[in-house]
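Q:
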Amino acid sequence: MTKPHLLLDQLPVELIFNIFTYLSTAEILHSFYSFSRYLRKCIRNYDGYKVNLKAISKRQFDRIFRAIRPDQIVTLTLCDDEETPGQMSLFFTLFPAFEQSFIRLECLHIRNFEACPILHPMNVLHTISIDFVQWPVHSFGIANIQKFDEKFASIFRLPTLRTLILNKESVNNRFNIQILPTNENITQFEIHLRTIDNLSLLFKCFPNIQRLTFSLNTTSVDDDFTSEFRIPRSLTHLTMKVSFGLRDEIKRILQSCPMLIYLNIHIEWKQTDTLQWLDADWWQSIVEEFLPRLEIFRLQVDIPSSPELNITNDSLKGFQTQFWTNRSFTIGMMPFDPLSVDCRRETIENKVLTINLASSPMITFPNAEILKLEHVTNSETTCYVISQLVEIQRYMNDFSILEHLILQSACAVTSSVLTQLINVSPCLTRLTISSFNSQLHPLLNSKYPQIRWLDMRREYLPKKFRTSLCSAFPCLEHLMNCYLYDEVYLEILIENLKDLQNLTTRILSYYFEDDGELDHWLRTHTRLKNFAFKLIDHRQILLWISN
1 MTKPHLLLDQ LPVELIFNIF TYLSTAEILH SFYSFSRYLR KCIRNYDGYK VNLKAISKRQ
61 FDRIFRAIRP DQIVTLTLCD DEETPGQMSL FFTLFPAFEQ SFIRLECLHI RNFEACPILH
121 PMNVLHTISI DFVQWPVHSF GIANIQKFDE KFASIFRLPT LRTLILNKES VNNRFNIQIL
181 PTNENITQFE IHLRTIDNLS LLFKCFPNIQ RLTFSLNTTS VDDDFTSEFR IPRSLTHLTM
241 KVSFGLRDEI KRILQSCPML IYLNIHIEWK QTDTLQWLDA DWWQSIVEEF LPRLEIFRLQ
301 VDIPSSPELN ITNDSLKGFQ TQFWTNRSFT IGMMPFDPLS VDCRRETIEN KVLTINLASS
361 PMITFPNAEI LKLEHVTNSE TTCYVISQLV EIQRYMNDFS ILEHLILQSA CAVTSSVLTQ
421 LINVSPCLTR LTISSFNSQL HPLLNSKYPQ IRWLDMRREY LPKKFRTSLC SAFPCLEHLM
481 NCYLYDEVYL EILIENLKDL QNLTTRILSY YFEDDGELDH WLRTHTRLKN FAFKLIDHRQ
541 ILLWISN
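Mapped onto UniProt numbering, the consecutive letters of the sequence shown carry residue numbers 1 to 547.
This is the structure:
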């Protein structure tokens, strides 16, 4: 019988490379690097790696850059957050000549741009996506703000850049648009806006823009904002999500886009008058008068409450005329929150389910990846303890895809309930605990080896629970927001949690003067040798560990 590795060794290298295109870099190395000499040679010659360093372990990070070269990477995601702290600094220490090393890089995704150095021109880099984690505007140092602005403006000066995506709507609406230079090469741009007034500034920066995606969170502060509103005739694709905005403002935007062939509009539930957006006659007049080239039109309107559904169905009949049915237009509505406020569902990409245990269930919810349990009462000192699994099952009876259990501040579970829930939830590996003083100790009487990620919500860990926490979660890889009274606690956690990959903590009675002192302390007081870290404010530490 032919051995499996001999069968793979008989495949042509072109077919092996084709298989690699469907796998992540970590999967390729884990599956094939030690399989055979032939496959190892293929790995060393493949030049289309898409490396994603988000939520990666320090050991995986080291393995990737030992096995492949920078010039083999075409797509790179750098992530410097609480699960991979210090990654950006470590990465650019390994590759100080970034532009000369990653000569085939086409797409770059940066999470936490503040930790990234200034980028210089590269040969083929055409797409940059940025997730803003922390803005220097929250700092009082004007020098830091100016440094950040200059670094951000340098992105717009990259000559090969064609697509720029600015993610994280909650924070990226604060940057200073007026600092941005003109870039005639950028043809695709995504952003979140505080006001429509900023659109005129954006179009001055991108005179040849073809595809624009933006989210609008407020209306114009200037009644005459369109006086200098000039949209390039190159714009053919427009996608917008309107959280807060006026219909007249949207009209004035669209009447300036005569070359549009694609229009996608999402009206969120926060609008005061949702039904005005389902006026078929109004939309028809917009298309006929201002958008003669439009080929594809998609309109989605979120409905804030169920009593409006029947009215909305009547409104949709206006889109059943010949004008709409003969075109590639899609009109739809989506009920945002059709349940009562006492027993509500918060939907984020259909993954998150929030249940108020103080209410009586009106419906059994479908399964969800994230389950938030809360107990809303008038008392701020009372903690509701779930003592039977049926208290959760009456709201949700399918836990097959549940990954993360979040207990809000006034809600806790017994060790028995948590054990039962883990037993019926094969994917449950993340836990956020909310109450510690009276509820932590009983919870630690059992072991939960399935839990790999634990968030302690910035609560201080009492002395008597230091070792019992390690015993209860023996396979813990991520310990988040675990505050400690002194540095001895940190030594104990690192010593006993053998699988720990990252830790975010704050030490109350001990502080480190600088990075050098923290590095020296970790190497002399713990077993750690291979790690990265970020020292936030002398006491707050973010660790990324290779175990």
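Positions of the beta carbon are idealized from the N, C-alpha and C atoms, including for glycine.
1) Does the contact criterion of 3 or more C-beta pairs under 8 Å hold for the segment 65-83 versus the segment 109-116?
2) So what does DSSP say about A26, is it helix, strand or coil?
3) Quick one, which of I118, P159, L193, F91 has its alpha-carbon nearest I149's?
4) If contacts are defined as beta-carbon pairs under 8 Å, then I73 and L105 qualify, I think. What distance do you get, rounded to the angstrom?
5) Entirely within the segment 456-518 and at least 3 residues each: give me those beta strand (DSSP E) ranges in chain order.
6) Quick one: does E83 have its CB under 8 Å from some CB of chain C?
7) On the three-state DSSP scale, how would you describe N112?
8) How about E27 and A55: are their beta carbons less than 8 Å apart?
9) Can you check which of these residues, V385, C411, V390, K58, is closest to E374 by C-alpha distance?
10) Where M396 and V413 are concerned, what is the direct C-alpha to C-alpha distance, given to the nearest angstrom?
11) What number of angstroms, rounded off, separates the C-alpha of K41 from the C-alpha of T524?
12) For residue 557, which of helix, strand or coil comes out of DSSP?
13) Rounded C-beta distance between D499 and C475? I'm assuming under 8 Å.
14) In whole angstroms, give me the CA-to-CA distance for T160 and L212.
15) With distances taken Cα to Cα, identify the nearest neighbour of Q188 among I179, R194, P232, F152.
16) Measuring straight from C-alpha to C-alpha, what distance separates Y38 and Y46?
17) Rounded to whole angstroms, what is the Cα-Cα separation between V124 and R162?
18) Please state the DSSP three-state secondary structure of L274.
19) From F61 to W544, what distance separates their C-alpha atoms?
20) Can you tell which of G86, D71, S34 has its C-alpha closest to the C-alpha of L53?
21) Taking the alpha carbon of Q276 as the point to measure from, which residue in S36, L299, E513 has its own alpha carbon closest?
22) So, are the CB atoms of Q450 and I406 less than 8 Å apart?
23) Which class does I209 belong to by DSSP, given the choice of helix, strand or coil?
24) To the nearest angstrom, how far is the alpha carbon of L266 from that of S387?
25) Have a look at P258 and K147 and give me their C-alpha separation to the nearest angstrom.
26) Nearest to L294 by CA position, among S34, Q284, T354, is which residue?
27) Is I331 helix, strand or coil when you go by DSSP?
28) Roughly how many angstroms separate the alpha carbons of S425 and S400, rounded to a whole number?
29) Can you tell me where the beta strand (DSSP E) holding R430 begins and where it ends?
30) Do the CB positions of L357 and E391 come within less than 8 Å of each other?
31) With H, G and I counted as helix, E and B as strand and the rest as coil, what does DSSP make of Q72?
32) At what residues does the alpha helix (DSSP H) containing residue 548 begin and finish?
33) Excluding the five sequence neighbours on either side, which residues of its own chain have a C-beta within less than 6 Å of the C-beta of I348, listed in chain order?
34) Rounded to a whole number of angstroms, what is the C-alpha to C-alpha distance between residue 548 and K58?
35) Figure out for me which residue from S34, F35, F329, I19 has the closest Cα to the Cα of Y49.
36) Am I right that L263 and L238 are in contact with their C-beta atoms under 8 Å? What's the rounded C-beta distance?
A: In this structure, then:
1) yes
2) helix
3) Here residue 149 is Asp; the residue named in the question, Ile, does not match the sequence. Among I118, P159, L193, F91, the Cα nearest to that of D149 is on I118.
4) 6 Å
5) 478-484, 502-507
6) No chain C appears in this structure, which consists of one protein chain only.
7) coil
8) no
9) C411
10) 16 Å
11) 40 Å
12) Outside the displayed span of the chain (1 to 547) sits residue 557, for which this structure offers no information.
13) 5 Å
14) 18 Å
15) P232
16) 12 Å
17) 10 Å
18) According to the sequence displayed, residue 274 carries Thr and not Leu. T274: helix per DSSP, three-state reduction.
19) 11 Å
20) G86
21) L299
22) no
23) coil
24) Here residue 266 turns out to be His, not Leu, going by the sequence shown. Distance between the alpha carbons of H266 and S387: 43 Å.
25) 39 Å
26) Q284
27) strand
28) 6 Å
29) 430-432
30) yes
31) helix
32) There is no way to answer for residue 548, as the model of the chain reaches only from 1 to 547.
33) Low local confidence applies: a pLDDT of 34 at I348 is under 50, so the model's placement there is unreliable, with the coordinate-based value given in what follows. Excluding sequence neighbours, I348 sits near nothing in its chain.
34) This structure does not reach residue 548, given that the chain is present from 1 up to 547, and the question cannot be answered.
35) I19
36) 5 Å
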